[in-house]
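> Protein chains in written order, with this note's numbering: chain F, 1 to 342; chain U, 1001 to 1342. Ideal Cβ positions, reconstructed from N, Cα and C, are used throughout, including at glycine. Just passing along the structure, written as C-alpha cells.
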C-alpha cells in the first residue's frame, strides 16, 4: 500500500526498486563531462532513420531495449511502459514503443516527464498493479528545434538565457523484491505554478518557482531538511533557473539548498566549451543523467539519498504566440539505498 | 492493494468509487439525443474567452468545478488531478487546471485519455496514493480543427468516413468508502496496435483493432463473455470503426459483441440530422457521455456492469505528413455497481 504523508507526498511501503537503467545520447552530449557513463553515444543525429521524429523514436526504442537487457528482463514480462516526450501528441513515444508488445501508459509533463513516469511506475509497482514496469522519456535537439523554434537550416542566434535541448533518453526498469539496492521511497507530485513569465527563451526562470514549491512541499511533508539528502537534483533549470531556485528557497522558505543542490542541465554539458548557453534541457536531459551518472553513484553507495525534482514548462508554441504566460510543474521522487534509513 | 489478473488486467481490491461526475458540452452536442442529461450546454463556442484554446481550458475548469460541487468536495481536499487533451503539449489541460491548487498528473492517450485518466486515478485511490482524485479530459471542435485539419474559415468538405470532434468535457471525482454505488473494479491498459492505416480521415478504422485487442484481453483475463456485461462501451469509433470492431471480434476471437456494444461517437449526435458523418470523436466525446448518460443509468441501477474501452489514435500532423501510419491504443476500465457481484 501507499500512504499519504503530509499534504502532497506519497510514501511507498513496498520498496519498488530500480532494477536497471540505461541512457543513450547524441554526439554533443557524449562529448560532455559525463560522456563515459552513457550506454551508447550515437554519432548520427538521425539515428539511421529518415527524419528527426523517427530519430527520437529510434532513440527511445534502443534505450528501452538496453535497459531491459541490463536488467535481464524479457519484453514479454513487462506489464506496463510509462513514456512521454515533448513532441506534439507525444509521437516520439508512440512510434518509439509501438514495436514492443507492452501496454503503454502515455504521460505528459514536458521536461518533468521523467519524474512523473518514475513516480507513476513506482506507485503501480508498489501497489501490485504492475509487477515490472518501464519508465522512460526522451528529447532530441533537432526534433525540438524544428517544432518549437526555427528550422535548423536558419542557424538562428539564441539568447544567453536559452538552453540546449539534449538529444538523450533514459529508461528505467522497476520491480519489487529484486537485487538492486535503490528504491523509490517517496513521490511528491506538483501543482502548476505560473508567475507570469512569457519568455520562451527563459524556461529556467519559468520553472524555478515550480521546483521550489515541490521541494518545499516534500521537505515539509517528510519533516526533513536539505542536509538529510546527499543530493537534491533538478532536471533542467540551467544556470538562470538554478540561481533563481536557490534564491526562492532562501527567501520564501528560509532553506539553503546550495550545499546539496545540482541540476542535470548544468551537468550534461561543459557549458563554456560546448556553447550551450544556460545549459541543457529537454525530457532526456534529466532522464539520461539520472539513468547513468546518478544511479551509478547510488549503486556504488557514493550517494544514498537523492531527491529528483524535475520541472516542466507546460506551454506550446500556440499558447506562446497567443501571448500566454508559461505554466510550470515539478514532480519529485526520492530515491534511497536500502542500507540507508530513509 | 491491486492484483494482476491474467496477462493484462489489474484487479482493484478496495473499490475506488466514482463519487460524482459532470459533463459540459457545446451547442451542437446539446442539440443531440443526450442534450437533457448534461450539466451545462454552452451556446458560445468561445466559452466567453478569446480563442479556441482558452475556450477549451475554460470548458475544463468549469467541468472540474461542477464535478467537485456535485460531490460536495472542496478543491483543497483533492490530492491529484489527472487530465489530458488533444492539443499540442496538452495546453487545454495545463491552462485549464492551473487555477486549481491541486497536484497535476498530465497524461496522453488521444481519445483514450478518459479511460487512461480514470484507470490511473482508480489505481492511485485504490492503493492509498491518493484519497480523492479527479480524472477529466476534454476536446473542442474548433481547437481540434484548427490544429489538426484546416482553419474553420475554409469551410472544408470532409469525407463521409470523417468524424466530428465533440466540444465536450467530462470530469470524475474518485474516492474510497463513500456513498456512491459505482466503483472501478478492473483496469486493462492496452498496447499499441498499428495495422498500417494512413487515412487521418478514417480514425475509426485505425482504432478498431486496438479496441478489439483490449476488449479481448479483458474478457480473457477475467474469464468472462460479453453477455456478462450490460454494456461494452467504446469511445469514438463512430460508424465505420464500430462495424469493424464487431467484425474483428467475430473473426479473430469468435466473440459476438453486437448485443451489448455501443459507441459514444454514435450516441452523442443524431447523425442523419446533425451532419456529423461517421459520428462524434475527441477526448470529450466518451468523457461527456460517460459522465452524464451512462453514469446516470448506473446510479439508477439500470446498468450494473459497464466496460468502458476508449480508443486513441496516437499520431500527429507531422507523423501524418511524413507518411507514417496511425498507431492506436485502447484502455479499458470496468465500472460496477456495488450490488452486483462483479
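Is the distance from the Cβ of residue 1116 (chain U) to the Cβ of residue 1331 (chain U) below 8 Å?
Contact flag set, yes.
> Do you know how far the Cα of residue 1277 (chain U) is from the Cα of residue 68 (chain F)?
If I take the Cα positions, the gap works out to 45 Å.
> Would you say residue 141 (chain F) faces chain U, with C-beta separation under 8 Å as the test?
It does not; no Cβ of chain U falls within 8 Å.
> If distances are taken between C-alpha atoms only, which option among U:1182, U:1295, U:1136 and U:1091 comes closest to residue 321 (chain F)?
Per the Cα distances, U:1091.
> Tell me which residues share the same chain as residue 1192 (chain U) and place their Cβ nearer than 6 Å to its Cβ, disregarding the 5 neighbours each side in the sequence.
So the qualifying residues of the chain are 1327 and 1329.
> Between residue 1169 (chain U) and residue 1288 (chain U), is the Cβ-Cβ spacing less than 8 Å?
Contact flag set, yes.
> How many angstroms separate the CA atom of residue 165 (chain F) from the CA atom of residue 223 (chain F)?
Approximately 35 Å between the Cα atoms of the pair.
> In the structure shown, what three-state DSSP assignment does residue 1262 (chain U) receive?
The answer is strand: DSSP assigns residue 1262 (chain U) an E or B state.
> I'd like to know if residue 1314 (chain U) contacts chain F, where contact means its C-beta is closer than 8 Å to some C-beta of that chain.
Interface residue, yes.
> For residue 1020 (chain U), report the span of its beta strand (DSSP E) as first-last.
1017 to 1026 is the span of the beta strand (DSSP E), which, as asked, contains residue 1020 (chain U).
> For residue 1066 (chain U), does the count of other Cβ atoms within 10 angstroms reach 16, so buried, or fall short, so exposed?
When all chains shown are included, residue 1066 (chain U) counts as buried.
> For residue 1047 (chain U), go through chain F and note every residue whose CB falls closer than 7 Å to its CB, in chain order.
Residues of chain F passing the Cβ test: none, with the nearest at roughly 15 Å.
> Beta carbons nearer than 9 Å to chain U: which residues of the region 175 to 196 of chain F have them?
Here the close residues are 187, 188, 189, 190, 191, 192, 193 and 194.
> Roughly how far, in whole angstroms, is the beta-carbon of residue 16 (chain F) from the beta-carbon of residue 233 (chain F), given that I think they are within contact range, below 8 Å?
Actually they are not in contact, since the Cβ atoms of residue 16 (chain F) and residue 233 (chain F) sit about 19 Å apart, beyond 8 Å.
> Please list, in chain order, the chain U residues whose beta carbon lies closer than 8 Å to that of residue 102 (chain F).
In chain order: 1191.
> If I follow the unbroken beta strand (DSSP E) through residue 234 (chain F), where does it start and stop?
Counting along the chain, the beta strand (DSSP E) containing residue 234 (chain F) begins and ends at 231 to 234.
> Assign residue 157 (chain F) to one of two classes, buried (16 or more other C-beta atoms within 10 Å of its C-beta) or exposed (fewer than that).
That one is exposed.
> Given this structure, state the Cα-to-Cα distance separating residue 282 (chain F) from residue 1089 (chain U), to the nearest angstrom.
Each residue's Cα considered, the two are about 13 Å apart.
> So is residue 227 (chain F) buried or exposed if we call it buried at 16+ other beta carbons inside 10 Å?
With fewer than 16 other Cβ atoms within 10 Å, it is exposed.
> Would you call the CB atoms of residue 1093 (chain U) and residue 1106 (chain U) closer than 8 Å?
For residue 1093 (chain U) and residue 1106 (chain U), yes; Cβs fall inside 8 Å.
> I'd like the list of long-range same chain contacts for residue 309 (chain F), defined as Cβ closer than 6 Å, with 5 residues on each side in sequence excluded.
The residues are 211, 214, 215, 234, 330 and 332.
> Counting contacts by CB-CB distance shorter than 8 Å, is residue 329 (chain F) in contact with chain U?
Judged by the 8 Å Cβ criterion, residue 329 (chain F) is in contact with chain U.
> Rounded C-beta distance between residue 11 (chain F) and residue 186 (chain F)? I'm assuming under 8 Å.
The Cβ separation is near 6 Å, so the contact holds.
> Can you list, in chain order, the stretches of the beta strand (DSSP E) that have 3 or more residues and sit fully within the region 1108 to 1160 of chain U?
Qualifying beta strand (DSSP E) stretches, in chain order: 1132 to 1139.
> Check each residue of the region 96 to 129 of chain F: if its Cβ is closer than 8 Å to any Cβ of chain U, include it; give the result in chain order.
From the region 96 to 129 of chain F, only 97, 98, 100, 101, 102, 103, 104, 105, 106, 107, 108, 109, 110, 116, 120, 123, 124, 126, 127, 128 and 129 have a Cβ closer than 8 Å to chain U.
> Residues in the region 1078 to 1091 of chain U with C-beta within 8 Å of chain F's C-beta atoms, listed in sequence order?
Answer in chain order: 1079, 1080, 1084, 1086, 1087, 1088, 1089, 1090 and 1091.
> For chain F, check one thing: does any of its Cβ atoms lie closer than 8 Å to the Cβ of residue 1324 (chain U)?
Closer than 8 Å to some Cβ of chain F, the Cβ of residue 1324 (chain U) qualifies, so yes.
> Residues of chain F with CB closer than 7 Å to the CB of residue 1319 (chain U), please, in chain order.
Chain F residues near residue 1319 (chain U): 53, 91 and 95.
> Could you give the residue range of the beta strand (DSSP E) that holds residue 12 (chain F)?
9 to 12 is the span of the beta strand (DSSP E), which, as asked, contains residue 12 (chain F).
> When the Cα atoms are used, what is the spatial distance from residue 120 (chain F) to residue 1112 (chain U)?
Each residue's alpha carbon lies about 18 Å from the other.
> Residue 1343 (chain U) touches chain F at which residues, Cβ-Cβ below 9 Å?
The first residue shown for chain U is 1001 and the last is 1342, placing residue 1343 (chain U) beyond what the model contains.
> What is the residue span of the beta strand (DSSP E) that residue 337 (chain F) lies within?
Counting along the chain, the beta strand (DSSP E) containing residue 337 (chain F) begins and ends at 328 to 337.
> Given a cut-off of 8 Å on the beta-carbon distance, is the pair residue 1245 (chain U) and residue 1231 (chain U) in contact?
No, they are not a contact pair.
> Please list, in chain order, all residues of the same chain as residue 1342 (chain U) whose beta carbon is under 7 Å from its beta carbon, the five residues on each side excluded.
Confidence is the limiting factor: at residue 1342 (chain U) the pLDDT is only 48, short of 50, which leaves the residue's position unreliable, though a coordinate-based value still follows. Excluding residues within five positions, the ones whose Cβ falls inside 7 Å are 1185, 1305 and 1336.
> DSSP beta-bridge partners for residue 90 (chain F)?
Looking at the DSSP assignment, residue 90 (chain F) forms no beta bridge with any residue, so it has no partner.
> Just checking: is the beta-carbon of residue 230 (chain F) within a distance shorter than 8 Å of some beta-carbon in chain U?
No, its Cβ sits nowhere closer than 8 Å to a Cβ of chain U.
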